[in-house]
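Notes for the one structure printed next.
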Amino acid sequence: MSRSRRKTPICGITTAVSEHFDKQVWHRRYRKALRQRLAKDHDAEPPHLREFFDPWCMRKDGKRYYGESRSSEKFLRK
């Protein structure tokens with residue numbers, strides 16, 4: 010895969026490789042809260058996702074589009 014390249018220069022803000030474990034944790038919290046809410050009231054609305062996670066608190070700190078000015082080889086590597 011030495012020649013594989015990104016089609017768009019969008020990368021995470023920090024150097025973290027993945028948010029896998031962050032996503033696991035907040036999905037668990039969300040599902041637990043949803044189960045508890047449905048156990049109390051079957052007609053309850055599901056909780057809003059933003060109550061359980063903030064993309065700025067995850068390891069990648071969100072994503073950024075680097076555009077044409079910084080679309081060097083460094084940002085297009087996978």
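So the working numbering is basically just the index in the sequence shown, starting at one, shifted up by 9. Positions of the beta carbon are idealized from the N, C-alpha and C atoms, including for glycine.
Checklist entry - Between which two residues does the beta strand (DSSP E) containing lysine 72 stretch? => result 72–74
Checklist entry - Taking the continuous beta strand (DSSP E) assigned at cysteine 20, which residues delimit it? => result 19–21
Next on the checklist: Suppose you measure from the CA of alanine 48 to the CA of aspartate 31; what does that come to, to the nearest Å?
Outcome noted: 26 Å
Next on the checklist: Using 8 Å as the cut-off, can you tell me whether the region 65–75 makes contact with the region 18–28, which would need three or more C-beta pairs spanning the two stretches below that distance?
Outcome noted: yes
Checklist entry - So leucine 58 and tyrosine 75 are in contact, right, with Cβ under 8 Å, and what is the actual spacing, rounded? => result The Cβ separation is near 27 Å, so there is no contact.
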